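Read the structure below first, then the notes.
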Amino acid sequence: MTRLGRVYFGFCIVMLLLPIIVVCGAALNGGRSMLFPPQDPTLDRFVEFFVTEEVWVTSLRNSLIIAFGSATLATLIAWPLAFDLWRRGARLSRILAGAGAMPFVLPPIVFGVGLGFLWSFTGGLGNIGAGILSHAALFLALPVVTISIGLQSIDRSHLDAAATMGATERVTFRSVILPQTLPYTASGFFFVLVLSFNEFIVIFFVSASSYATVTLQIFNSLRNGFTPTMAVGAITFILTSIVVFAAISRFGDLPRLMGADQSRSD
Amino acid sequence: MAQRATGRARFGQAVPGLAVNMADAPAARLDASAPAAAPAPQTRAQGSGSTQSATPSTAWLGSRLALGLLIALICVVPFVLVLIISLGNKIEGAGWEWGLSLANYSRFFFGIGWPETVSTLYAQKLFYSLYFAVLASLIAVLVAFPFTYLLTRLSRRAQAGWLILLLSSVSLSEVFVVMGWDVLLSNRSGLPMVFRETGLTAWLKGNGGLDLLREWGLASPRNIRFKTSAFATVTTMVYLVFPYAVILLYPALSRIDPAMMEAARTMGARPLMVIRTVVLPAVRVPVIGAVLLLFVFLLGAYVAITVFAAPAQQTLTVSIYDSIRGQTINAPFGAAQAVVLLVTAALFLGASSLIAKRSGL
Numbered sequence: 000m001t002r003l004g005r006v007y008f009g010f011c012i013v014m015l016l017l018p019i020i021v022v023c024g025a026a027l028n029g030g031r032s033m034l035f036p037p038q039d040p041t042l043d044r045f046v047e048f049f050v051t052e053e054v055w056v057t058s059l060r061n062s063l064i065i066a067f068g069s070a071t072l073a074t075l076i077a078w079p080l081a082f083d084l085w086r087r088g089a090r091l092s093r094i095l096a097g098a099g100a101m102p103f104v105l106p107p108i109v110f111g112v113g114l115g116f117l118w119s120f121t122g123g124l125g126n127i128g129a130g131i132l133s134h135a136a137l138f139l140a141l142p143v144v145t146i147s148i149g150l151q152s153i154d155r156s157h158l159d160a161a162a163t164m165g166a167t168e169r170v171t172f173r174s175v176i177l178p179q180t181l182p183y184t185a186s187g188f189f190f191v192l193v194l195s196f197n198e199f200i201v202i203f204f205v206s207a208s209s210y211a212t213v214t215l216q217i218f219n220s221l222r223n224g225f226t227p228t229m230a231v232g233a234i235t236f237i238l239t240s241i242v243v244f245a246a247i248s249r250f251g252d253l254p255r256l257m258g259a260d261q262s263r264s265d
Numbered sequence: 000m001a002q003r004a005t006g007r008a009r010f011g012q013a014v015p016g017l018a019v020n021m022a023d024a025p026a027a028r029l030d031a032s033a034p035a036a037a038p039a040p041q042t043r044a045q046g047s048g049s050t051q052s053a054t055p056s057t058a059w060l061g062s063r064l065a066l067g068l069l070i071a072l073i074c075v076v077p078f079v080l081v082l083i084i085s086l087g088n089k090i091e092g093a094g095w096e097w098g099l100s101l102a103n104y105s106r107f108f109f110g111i112g113w114p115e116t117v118s119t120l121y122a123q124k125l126f127y128s129l130y131f132a133v134l135a136s137l138i139a140v141l142v143a144f145p146f147t148y149l150l151t152r153l154s155r156r157a158q159a160g161w162l163i164l165l166l167s168s169v170s171l172s173e174v175f176v177v178m179g180w181d182v183l184l185s186n187r188s189g190l191p192m193v194f195r196e197t198g199l200t201a202w203l204k205g206n207g208g209l210d211l212l213r214e215w216g217l218a219s220p221r222n223i224r225f226k227t228s229a230f231a232t233v234t235t236m237v238y239l240v241f242p243y244a245v246i247l248l249y250p251a252l253s254r255i256d257p258a259m260m261e262a263a264r265t266m267g268a269r270p271l272m273v274i275r276t277v278v279l280p281a282v283r284v285p286v287i288g289a290v291l292l293l294f295v296f297l298l299g300a301y302v303a304i305t306v307f308a309a310p311a312q313q314t315l316t317v318s319i320y321d322s323i324r325g326q327t328i329n330a331p332f333g334a335a336q337a338v339v340l341l342v343t344a345a346l347f348l349g350a351s352s353l354i355a356k357r358s359g360l
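Listed in order, the protein sequences are those of chains A and B.
Just so we're aligned: 165 in numbering that gives the first Met the number 0 is position 166 of the first sequence, and the numbers increase by one with no gaps anywhere.
Just so we're aligned: 150 in numbering that gives the first Met the number 0 is position 151 of the second sequence, and the numbers increase by one with no gaps anywhere.
Listed below in structure tokens is the structure:
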């Protein structure tokens, strides 16, 4: 990298980190306002967020329930979808995969409004199960893509070997396909987990104010301004994301998942 | 035994299809168009002996039917409902009723008093949705392009490290991003404070720079001021999609062959010349595609707009929210606005997939 390149790269990284650093600093404020650098630094806000303030403890629990629920559900729906696509590539599978990707690529507020109507007709409005189903639908495209990449990366000689030795479809699935796609399945699961944690517009419309997640809680009190306790939430969430993506990168090939060239392996 | 042989033959047939998939594999990336597998012949239920009969096939059909219905219900029906309800009417004080009128759309484009009077209030909101999204997506790709190029030249290990950071920040909620920029641009701390403390404000006052900034809406009589301004809105939106832009450009840029650039270099091309003749032609389509996808993503921005945009520059997302759950409840009109946003987004997504198809990607 040239010197100019290094300066530019560094500049981008600094700009990327600056708001995060500022939020982390603001979480230490002793008072109620978001000042940077923080005034009378204290860790009281962390105690409030995780232990003492009922609002935040409840919404953190809701965030966890919805994130894990929707990640599990989305992965379970995505598996047969991706498998059919890979095995048959029938037109129907493609149409289904396209339909499943719609909520993810179109503006979330439109999907949120539509889900609000859907759940108000079916009686699911304000039900946390409906929230889980909504997030699973919104992020379904992610596990479909990661599992498809995983299925495409299966070494075809392994499938040949299994077939030559007379393995049944079921045995091949269990001994070749499943183990080789497991890291990609896990990646899809964790992508949904992290994105569900951070999503608030769709949850806003389907929760109908009967429950709140952490991001929704912050969103709801937006008009009164941000407070240092919310900044603790921000730190928690960004740390969770870093840990999860580091785990994905540890167990799977992150550059490959992101579409890097395979011939360059340095 | 005969059955087993058939099974093998079928598996063999499946292999060419698989080979195509494998060749495609590097091109698969994290967008919705990826799961387009090549057609492979049917290979299921070719087990040896009597372990498998006709029953699994029925069960299989049933499970796929259930899957299809579930996806239709939770992924497609919501959009259909928005479309249908946008044709309904509001009932004064009691919600809304089904209908088949285009009144909500004529209100959107010409105002409620049309045809006697014309108001472009909502058309303006659509304009600002487009304006902010276009500006921010263009800037984001311009900034992200050199960054991504430099990133792909690093070692695989270093790339993975930076990708973790980028993925973490791309998934970071809009509320947290806005929170960070709110502190950075607020009057009491952040940039305005830095300007005041370092004496830059006084210096700007002395040479008339502050008056110029006031004309641009970036200063109060006493100090520089970013809330509310288009500058703060666009900056936050660029930050919001910058990591996304890197992730979109990453596959194309990482596939540029270093040997080709070396060849160009040894033949005497200067670095800028190499970029113009080797790098840019290879990435023109992904760059256009990235701008379009970021644009669609930014059409949905909400918090950045409510916090940083001036009241006259609020966008469609904000007014959809207000119509459905805010002060001016009118569900059918909110749905009509959502349809306009949906159609806009779908048009640009269609354009991006058309460009990708034309170039054979």
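Each residue gets a CB set at the ideal place from its N, CA and C atoms; glycine is no exception.
Because the structure is a prediction, the values reported are computed rather than measured.
Flag this pair as yes or no: are the beta carbons of residue i and residue j separated by less than 8 Å?
i                : j                : result
THR234 (chain B) : TRP180 (chain B) : yes
THR116 (chain B) : LEU252 (chain B) : no
VAL133 (chain B) : VAL302 (chain B) : no
VAL143 (chain A) : ALA337 (chain B) : no
LEU117 (chain A) : VAL75 (chain B)  : no
GLY187 (chain A) : ILE146 (chain A) : yes
ALA300 (chain B) : VAL277 (chain B) : no
THR184 (chain A) : GLY149 (chain A) : yes
SER170 (chain B) : THR316 (chain B) : no
ILE234 (chain A) : LEU215 (chain A) : no
SER69 (chain A)  : SER240 (chain A) : no
ALA335 (chain B) : SER118 (chain B) : no
THR227 (chain B) : ALA135 (chain B) : no
VAL237 (chain B) : GLY113 (chain A) : no
PHE8 (chain A)   : LEU149 (chain B) : yes
Can you tell me whether DSSP reads residue i as helix, strand or coil?
i                : result
LYS204 (chain B) : helix
ILE223 (chain B) : strand
ALA251 (chain B) : helix
ALA218 (chain B) : strand
GLU198 (chain A) : coil
ASN88 (chain B)  : strand
TRP118 (chain A) : helix
GLU341 (chain A) : Within the shown structure, residues of chain A are numbered from 0 to 265, placing residue 341 (chain A) beyond reach of any answer.
GLU96 (chain B)  : strand
ARG43 (chain B)  : A caution first: ARG43 (chain B) carries a pLDDT of 41, below 50, which makes its placement in the model too unreliable to give a value.
ARG31 (chain A)  : coil
PRO37 (chain A)  : coil
PRO114 (chain B) : coil
MET257 (chain A) : coil
ASN126 (chain A) : coil
MET259 (chain B) : helix
For residue i, verify whether its CB is less than 7 Å away from any heavy atom of the ligand FAD.
i                : result
PRO227 (chain A) : Among the components of this structure there are no ligands whatsoever, and the ligand FAD is therefore not found.
Taking 8 Å as the CB-CB cut-off, is residue i touching chain B?
i                : result
PRO142 (chain A) : no
LEU63 (chain A)  : no
PHE116 (chain A) : yes
GLY258 (chain A) : yes
THR214 (chain A) : yes
ASN126 (chain A) : no
MET8 (chain A)   : In the sequence on display, residue 8 (chain A) carries Phe and not Met. Answer yes: the Cβ-Cβ gap between PHE8 (chain A) and chain B drops below 8 Å somewhere.
VAL112 (chain A) : yes
VAL193 (chain A) : yes
ASN28 (chain A)  : no
If you measure from the beta carbon of residue i to each beta carbon in chain A, is any gap under 8 Å?
i                : result
PRO77 (chain B)  : yes
THR438 (chain B) : Within the shown structure, residues of chain B are numbered from 0 to 360, placing residue 438 (chain B) beyond reach of any answer.
PHE347 (chain B) : no
ALA263 (chain B) : no
LEU335 (chain B) : Note on residue identity: the sequence assigns Ala, not Leu, to residue 335 (chain B). Not one chain A Cβ lies under 8 Å of ALA335 (chain B).
GLN312 (chain B) : no
List the whole-angstrom C-beta distance separating residue i from residue j, where the pair is believed to meet the contact cut-off of C-beta under 8 Å.
i                : j                : result
VAL213 (chain A) : ALA129 (chain A) : 19 Å between Cβ atoms; not a contact.
ILE200 (chain A) : GLY111 (chain A) : 5 Å
Using 8 Å as the cut-off, can you tell me whether the stretch 154–169 of chain B makes contact with the stretch 189–205 of chain B, which would need three or more C-beta pairs spanning the two stretches below that distance?
no
The stretch 165–178 of chain A / the stretch 64–77 of chain A touching (three or more Cβ pairs under 8 Å)
no
For the stretch 62–74 of chain A against the stretch 134–147 of chain A, do three or more pairs of beta-carbon atoms, one drawn from each stretch, fall closer than 8 Å, so that the two count as touching?
In this structure the stretch 62–74 of chain A lies against the stretch 134–147 of chain A, because at least three pairs of beta carbons, one per stretch, are closer than 8 Å.
Below 8 Å, can you find three or more Cβ-Cβ pairs linking the stretch 246–265 of chain B to the stretch 141–156 of chain B?
yes
I'd like to know if the stretch 96–108 of chain A and the stretch 341–358 of chain B are in contact, where contact means that at least 3 CB-CB pairs between them fall below 8 Å.
yes
When the Cβ atoms of the stretch 84–95 of chain A are set against those of the stretch 232–248 of chain A, are three or more pairs found closer than 8 Å?
no
Using 8 Å as the threshold, is the stretch 204–218 of chain A in touch with the stretch 24–39 of chain A, meaning 3 or more CB pairs across them?
no
Indicate whether the contact test is met: 3 or more Cβ pairs, each with one atom in the stretch 80–89 of chain B and one in the stretch 101–110 of chain B, closer than 8 Å.
As far as the Cβ criterion goes, the stretch 80–89 of chain B touches the stretch 101–110 of chain B, which means the pair count is three or higher.
Assess, as a yes-or-no matter, whether the stretch 111–130 of chain B is touched by the stretch 274–292 of chain B under the definition of 3 or more beta carbon pairs within less than 8 Å.
no
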